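Contents: one structure, followed by commentary.
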Amino acid sequence: MDIHDTRSRSEGAIVSVLPQRAHDLARLRALAGQGRRQVVTVVGKYNHGKSRLLNELIGADTFTVADRRETVALSGHVHEDVRWLDAPGLDADVASGDDEHAHRAVWLESDIRLFVHAAKEGELDARECALLQALRDDGERTRRQTLFVLSQVDQLADEAAQRKVEAAIEAQAPDLAWLAVSSTRHRQGVDGAKKLLLEKSGIPALKAALAQALARVPAARAHEAALLLGEMREQLQRLCAERHDVLAGLRQQQAQQRTRFDQDLAAVLGQVGGDMQAVLDVPGPDHSLTPDSFADQFKMTPGKLERNRLQVAYSKACIKIGAILTKHGAMDLPPAQQTQVKSLDSVMVAVLGVSVKYRKDLQRLFCEAAGRDALARDFTRYFELSADRQALAVRIGQAQADAQAADKALAALAALEAGG
Ligand SMILES: Nc1nc2c(ncn2[C@@H]2O[C@H](COP(=O)(O)OP(=O)(O)OP(=O)(O)O)[C@@H](O)[C@H]2O)c(=O)[nH]1
Ligand SMILES: [Mg+2]
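Quick note: the sequence shown uses the working numbering, first residue -9, plus one each step.
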């Protein structure tokens, strides 16, 4: 399997538990690109002179310049081993596809952002302010650099006008370092070999600042990669711990419920067995087996008396066991086993049946070890099939899957860190 598939799988495992980190993972992928060139990109509103500035910086008319919204897709050019990316201008009024390209360049690919703002526009608008702030905040965190470029300064009447614009922007973005440039002056200076005009264009100063910024890129990249990996590792470790705690808690709940049920059931079966033994341990013949004749219809016979006695004892046993089933939420049959007759849908009926019980039946059911074991087994089976227990089992299954997904993500992150 090639390295990209391995990386994709690792990323997929992490995103599945940390969906909000999808962008950071894409950024890490960009950072991990083997021998990747340093990337400088422009960002700013359309028509502020971004493409033309790049042309001046690389000394060739590579990017299209126009007096309208021109750049609509990302285009790149390699010059002096740096990749220069021209991005579409940001404009809230225009289809968001262009902004998407710009966003991709700014946030995903670039090492250095040149934030371009045309001096003639005066102060920054709300959107520029927000973007600049976001870039500066990002720089604080990741050490990715943004240079603020006040462009087209030749369009201002004089130095005083320029000061005014700079003061307004300074008020909007305190402590902002800016570089004022004029691409027009630079081109005139180059074409006419006019050194003073060249200097005054601000482009040489911008180039020097860029060279310094580029020199800082390797360290910045290393910092950013370590930061993103570290943040995700911490987040995943916390998530793993939380999810395993949840799972352990549910399993403990499951085990405790079962233990309590087992204990209660064993106690009630023991008690019922003892009570029943006392009822059955009577001297003399078993009259319950003597059928009544027609003539006995309205008489109290020894057979009837004995059958009544047994019936009462059996009912008492059922009531005691039923109380335990109720306490543990296991009275009703699981839905798949339910019938049309509500009175038959109880666990009691399913386990003990509806036939009349005679001494030998009661003895076998409640007093002999094999009978009691069978009752315990059957009641326990229905307890496990009860709605609450089943719901708990489902929750445990889900919690287990969640914990496994978090473990997998953590392992995937380790693979990413190891360069996989
Ligand atoms: N006077 C003057 N005009 C400039 C300068 N820089 C750019 N322009 C002009 O401003 C217009 C827009 O320039 P572009 O470089 O195409 O602007 P852009 O920011 O790339 O625009 P989009 O690609 O549409 O976002 C063009 O007509 C340029 O010639 C400058 O320094 N001075
Ligand atoms: Mg452009």
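In this text, a Cβ means the ideal position worked out from N, Cα and C, and glycines have one as well. It should be emphasised that the depicted structure is a prediction, and the values quoted were computed from it without experimental measurement.
Taking Gly112 as reference, the option from His38, Gln123 and Leu200 with the minimal CA-CA separation is His38. In this structure, ligand 2 has a non-hydrogen atom nearer than 7 angstroms to the beta-carbon of Glu60. Under the criterion of beta carbons closer than 8 angstroms, His176 and Glu46 qualify as touching, at roughly 5 angstroms. Taking all protein chains in view, the Cβ of Thr249 is surrounded by fewer than 16 other Cβ atoms within 10 Å, so the residue is classified as exposed.
Ala120 and Asp127 have their C-alpha atoms roughly 10 angstroms apart. By the Cβ neighbour-count rule, Asp14 is buried, with 16 or more other Cβ atoms within 10 Å of its own. For Val139 against Phe105, the beta-carbon gap comes to about 6 angstroms, under 8 angstroms, which counts as contact. The C-beta of Leu403 has 16 or more other C-beta atoms within 10 Å across all chains shown, which makes the residue buried. No Cβ-Cβ contact shorter than 8 angstroms links Val337 with Tyr304. Residues Lys398, Ala399 and Ala402 of the same chain have their beta carbon placed closer than 7 angstroms to that of Ala3, with the five preceding and five following residues left out of the count. Where Val180 is concerned, there is no enclosing beta strand (DSSP E), although the alpha helix (DSSP H) around it starts and stops at Ser173 to Asp181.
Pairing Gly79 with Lys110 gives a Cβ-Cβ distance that is not under 8 angstroms. Ligand 1 has a heavy atom closer than 7 angstroms to the beta-carbon of Ser41.
Inter-segment contact for the stretch 190 to 208 and the stretch 356 to 375 is absent: fewer than three beta-carbon pairs are separated by less than 8 angstroms. For Gln246, the enclosing alpha helix (DSSP H) starts and ends at Ile193 to Leu270. Sixteen is the threshold: when 16 or more other Cβ atoms of the shown chains lie within 10 Å of the Cβ of Lys347, as they do, the residue is buried. By DSSP's assignment, Ala108 forms a beta bridge with Ser141.
One alpha carbon belongs to Leu217, the other to Lys185, and they sit about 44 angstroms apart. Shown here, Arg103 sits in a strand according to DSSP, grouped into three states. Under the DSSP definition of a beta bridge, His67 partners with Trp74.
Proximity of the stretch 281 to 288 to the stretch 317 to 335 falls short of the contact definition, fewer than three beta-carbon pairs being nearer than 8 angstroms. Using a cutoff of 7 angstroms, the CB of Asp71 does not count as near ligand 2, since none of the ligand's heavy atoms is closer than that. Taking the CA atoms as reference points, Arg73 sits about 26 angstroms from Glu407.
The C-alpha of Arg228 lies about 41 angstroms from the C-alpha of Ala201.
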